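Quick note on the numbering used here: the sequence shown kicks off at 59 and runs consecutively.
We treat Cβ as the ideally placed atom computed from N, Cα and C, and that holds for glycine.
All values reported here derive from a predicted model rather than from experimental measurement.
Have a look at the structure below before the remarks.
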Amino acid sequence: MAGLIRRSDIDEVRSRVNIADVVGDYVTLKSAGSGSLKGLCPFHDERSPSFHVRPQVGFYHCFGCGEGGDVYKFLQQMDHITFAEAVERLAVKIGYQLHYEDGGAAVDQGNRARLLAANEAAREYFAEQLTAPGADLARSFLGERGFDASVAAHFGIGYAPQGWDNLGKHLRGRGFSERELTDAGLLSAGDRGTYDRFRGRLIWPIRDQTGQTVGFGARRLFEDDKGPKYLNTPETLVYHKAQVLYGLDLAKRDIARSRQVVVVEGYTDVMACHLAGVTTAVATCGTSFGVEHIKIMRRVLSDDSAGLGEVVFTFDPDAAGQKAALRAFSEEQRFAAQTYVAVAPDGLDPCDLRLAKGDDAVRRLVKSKKPMFEFVIKQKLAAYDLDTVEGRVAALRDAAPIVADIRDPALRPAYTRQLAKMLAMKLDDVRRMVESSGSRSRGASASPGAEGRELAAVGRGPEGQALARRHPDPAGDPLVASVTSLPEAPAAAVVRPSVSITQLPATTAARTERDALMAMLQAPTVVGRDLLVQASGCGFSNAPLAAVRDAIGRNVDSFERADWVTVVQGDVPEEYRRLVEELAVAPLPERPDRQPETYLRRITRDLIQRHLLRRKEEVKGRLQRTDAVENPELYRQIQRELVQLETDRRALQAD
């Protein structure tokens, strides 16, 4: 729609429509005398009718629950559509041409009505063909999945016979033009003219939430069919796949009543759920779950700020299903309702689950739902090796923003504790990362992914191999939280301000890292190559300092060059070049009457010592988590690693 519907048109459509006819499609009305009609209220459960309709004034009212309004309000409440959609629907019903303000062109309501009529005629034709002799394969397909003739009739399933022009001939005989059938997506155009889009396929009618057939989904049946497994109606004036949910016309009332919607992946899954008693199931139609689907679902759920509704997603446990779950999670914040994920333990989709274990198994699947946050966190952690320090720290960085984004402040601490337990990390460290991730995401909504770019700087450089082979980088445990206090990394097109030494946090860890880098930049030959290599493999708590450390590690073979600082400076991001320069010229925090050589090596060893102590605590934790009886070799291996760490630490002290 381009512009607002004219007020005069809104009034005219309302005046031409008999509200009793519209309400009568949903409620059985009986005369209540004096021109009033009454029936059981569709908005609340009642035994005695208190819902009244007065056609003369065009209004309805329920004296039980208080609901009332005009014909537009009724359609909005019953079908969970917008005001404009209600006006347009009634305009189509009476054949009235709407006009729009702001210079917008009017929607061709007459053409829209013809396309809807063509789709409905096609639906009737396909349903009739399902009972014909040539539809044996289609009926077998349904029967093998537990769907009989009554089920097919309930969902309006049909069959498109093989042949190039069966549907086209039938609908042209019903008075539809070639152009109308093509515009409806029922015919396709080729070099030799038009032909049926759907041939030799099982057909599902796709209805909007008002029950009008707007398109079709078609499943391949024959092996010689080289087309896609599933074929849908293309985008038309009445069919927009991003704005349609299969089964919503059947599910909307139960969704509104129960405040729950179950999102499944296919047409047969919707059917299986409904037959099993999960009558709130819907599915997308040939496209990924997106923003427009959320808008529709929120209207049906009455998804307000109270957040009382539930949205349950079912996904296959394979890689594609997990990817779909993460896509859905990316839009989860658009719901006020709580979101959940349900995955069958044996990996069956609802249709196969019903076949294998019956209706009750489908109901149990939905009841076994897990909060989406929990599901996504586990998916994130599964991508990392949690037996390594790097893996746990990287997993924490990936999962912390998810916990931070939990809307319910009462749930956030519980998930923080759960994440700490999953990672076998200290609760305080995890809590700090979650809290700082929340601050970062709230402060950088215009720069998605900024936290990942910032934290990436903490990663260890490729050098430092001698130490890294024995002692993988813990990269910030437990000091990694301080990284998040730095400014956000902006989008690539924005020049980031230079970082100064005066902006570094006043923490013991940051001071040790700063002073060690000063030593390595100002006197690399005094520090020596061995300590340079080991120090460049240590974990840092501060991202800018970590970037300088990485540059030192990558260029350690140039430590004796006269332009050593220039080499390092040229290898850091532009915003850190000033920092390198300042580190290279800042006075050393050591009294001049003492031997500077001793301090330079000592502060570098202190950095390495701190790294080894952190690493030792990590390995101890890993040893505690390892069962010596079940994994004796792994237990001994960890013990050897612990001994090696202590040996290296003592050797460093003796140097």
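Query, Result
"Below 6 Å CB to CB, which residues in the same chain sit around T662 once its five sequence neighbours on both sides are set aside?", "A574, A577, V585, L589 and A593"
"Alpha carbons only, please: which of G335, S346 and D307 is nearest the one belonging to G324?", "S346"
"With a cut-off of 8 Å on the beta carbons, I'd call D282 and Y253 a contact; round off their distance for me.", "Actually they are not in contact, since the Cβ atoms of D282 and Y253 sit about 16 Å apart, beyond 8 Å."
"Spatial neighbours of I610 within its chain, please: C-beta separation below 7 Å, excluding the five flanking residues on both sides.", "M578, L590, S594 and V626"
"Comparing C-alpha positions only, which one of S94, K353, T342 and S316 sits nearest to E368?", "S316"
"Would you grab the beta carbon distance between L413 and V209 for me? Rounded to a whole angstrom, and I think it's under 8 Å.", "Not a contact, Cβ separation roughly 13 Å."
"Go to C120, then tell me how far its beta strand (DSSP E) extends in each direction, as first and last residue.", "F117 to C120"
"Can the beta-carbon of G348 be found closer than 7 Å to that of V328?", "no"
"Q114 by DSSP, collapsed to three states: which one?", "coil"
"Ignore the nearest five residues each way along the sequence and tell me which others in F280's own chain have a CB closer than 6 Å to its CB.", "G258"
"Using 8 Å as the cut-off, can you tell me whether the stretch 135-143 makes contact with the stretch 152-159, which would need three or more C-beta pairs spanning the two stretches below that distance?", "no"
"Here's the rule: buried if 16 or more other CB atoms are within 10 angstroms of the residue's CB, otherwise exposed. What is P191?", "exposed"
"Taking C-alpha atoms, which residue in E655, V75, P654 and L444 lies nearest to V677?", "L444"
"Apart from the five residues just before and just after F715, which ones in its own chain have a Cβ nearer than 7 Å to its Cβ?", "Residue 715 is absent from the structure shown; the chain starts at 59 and stops at 713."
"What does a CB cutoff of less than 6 Å around A276 pick up in its chain, not counting 5 residues either side in sequence?", "F256, R259, I261 and L289"
"In whole angstroms, what is the alpha-carbon distance linking L637 and Q396?", "46 Å"
"Quick test of the definition: if touching needs 3 or more C-beta pairs under 8 Å, does the stretch 66-74 touch the stretch 87-102?", "no"
"Considering only residues of the same chain and omitting the five flanking positions on each side of F121, which have a CB-CB separation below 6 Å?", "S108"
"Taking the C-alpha atoms as reference points, what is the distance between R74 and Y473?", "56 Å"
"By the 10 Å Cβ neighbour count, where 16 or more other Cβ atoms means buried, how is Q114 classified, buried or exposed?", "exposed"
"On the three-state DSSP scale, how would you describe G126?", "strand"
"Quick one: which unbroken alpha helix (DSSP H) runs of 4-plus residues sit fully inside the stretch 459-493? Chain order, please.", "470-481"
"Are three or more beta carbon pairs between the stretch 234-254 and the stretch 446-459 nearer than 8 Å?", "no"
"What residue does the alpha helix (DSSP H) around I264 start on, and which one ends it?", "Taken as a continuous stretch (DSSP letters only), I264 belongs to no alpha helix (DSSP H), being part of the beta strand (DSSP E) at R259 to R265."
"By DSSP, does K284 sit in helix, in strand, or in coil?", "coil"
"Is Q695 helix, strand or coil when you go by DSSP?", "helix"
"Tell me whether the stretch 482-493 and the stretch 455-466 touch, counting them as touching only if at least three CB pairs, one residue from each stretch, are closer than 8 Å.", "yes"
"By alpha-carbon positions, which one of K479, R421, G416 and A601 ends up nearest to R203?", "G416"
"Rounded to a whole number of angstroms, what is the C-alpha to C-alpha distance between S599 and A567?", "7 Å"
"Excluding the five sequence neighbours on either side, which residues of its own chain have a C-beta within less than 6 Å of the C-beta of G248, listed in chain order?", "none"
"Assuming contact is defined by CB atoms lying nearer than 7 Å, are I63 and L156 in contact in what I supplied?", "yes"
"Rank Q301, L481, F234 and Q270 by C-alpha distance to the C-alpha of R356 and give the top, closest one.", "Q301"
"Can you say whether L485 is buried or exposed, counting buried as having 16 or more other CB atoms within 10 angstroms of its CB?", "exposed"
"According to DSSP, simplified to helix, strand and coil, what is K427?", "coil"
"If I follow the unbroken alpha helix (DSSP H) through V638, where does it start and stop?", "R635 to V643"
"Give me the DSSP bridge partner(s) of F371.", "V321 and V399"
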